[in-house]
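**Student:** Sending over a structure as structure tokens; questions will come in a sec.
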Amino acid sequence: MIEPDKPLKKKDQITLDEEVARKLEAEMKAKMEEEERIAREKDKENKAVIEEWDDVQATIDADRQLAEQIQAQEKEQLSIEERSKILAELIESRRKYFAAKRAEEIRNKPTKAQQKSLIEDLEVLRSIVKERFKKTKPVDDMDNLLYQTLKTMFEPHVEDIIWKYQQ
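According to our numbering, the sequence shown is numbered sequentially starting from 1.
Here it is in structure tokens:
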């Protein structure tokens, strides 16, 4: 037979409610502790993974720096090869330039008649200079001689001694 449910007395209801509340609280506390334990484990795992990734990143950075250094050395080596190539081209162009310059000088060498006229001009200039300095005595002080020569070239002062002698 089925017994009909009797409503519980107030005291019984309160104790039953307290017991259910304690069980619920214990379950909730157990769940929270389990969640905290899982969170701590995940944190430990995350820290381990982070440390592992940091190690991997450090290795990657070291490899990248090494690769950059190797590339820089190769680039420097390449630039040395390029420099030597450019230097060889420059030397070759200079050699060609000076060879052309020498050939042009040979082509433009004065003829015998031109050389004769140049020599005659030089002899005339030499005779003029000799004649000019034949009149003056040798001077120890070149500055004084130069000063006198320059002074006679410009307009004289009437009382200048040099002009008096020149006239």
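From the three backbone atoms N, C-alpha and C, an ideal C-beta is built for every residue, glycine too.
Please state the DSSP three-state secondary structure of Thr-15.
**Tutor:** Helix.
**Student:** Would DSSP call Lys-9 helix, strand or coil?
**Tutor:** Coil, per DSSP.
**Student:** Could you tell me the distance, in whole angstroms, from the CA atom of Arg-37 to the CA atom of Ile-70?
**Tutor:** Spanning the two alpha carbons is a distance of roughly 49 angstroms.
**Student:** Between Arg-40 and Lys-31, what straight-line distance do the alpha-carbon atoms span, to the nearest angstrom?
**Tutor:** If I take the Cα positions, the gap works out to 14 angstroms.
**Student:** Under three-state DSSP, which class holds Asn-144?
**Tutor:** Helix.
**Student:** What number of angstroms, rounded off, separates the C-alpha of Val-20 from the C-alpha of Ala-58?
**Tutor:** When rounded, the distance between both Cα atoms is 56 angstroms.
**Student:** Quick check: Leu-118 and Pro-110, are their CB atoms within less than 8 angstroms of each other?
**Tutor:** Taking 8 angstroms as the Cβ cut-off, Leu-118 and Pro-110 qualify as a contacting pair.
**Student:** My output table needs one value for Lys-170: the three-state DSSP class, helix, strand or coil.
**Tutor:** A question about residue 170 goes unanswered here, because the residues of the chain that appear run from 1 up to 167.
**Student:** In this structure, does DSSP put Lys-169 in helix, strand or coil?
**Tutor:** Because residue 169 is not part of the residues shown, which for the chain are 1 to 167, the question remains open.
**Student:** So, helix, strand or coil for Asn-250, using DSSP?
**Tutor:** Examination of residue 250 is not possible in this model, given that the chain is present from 1 through 167 alone.
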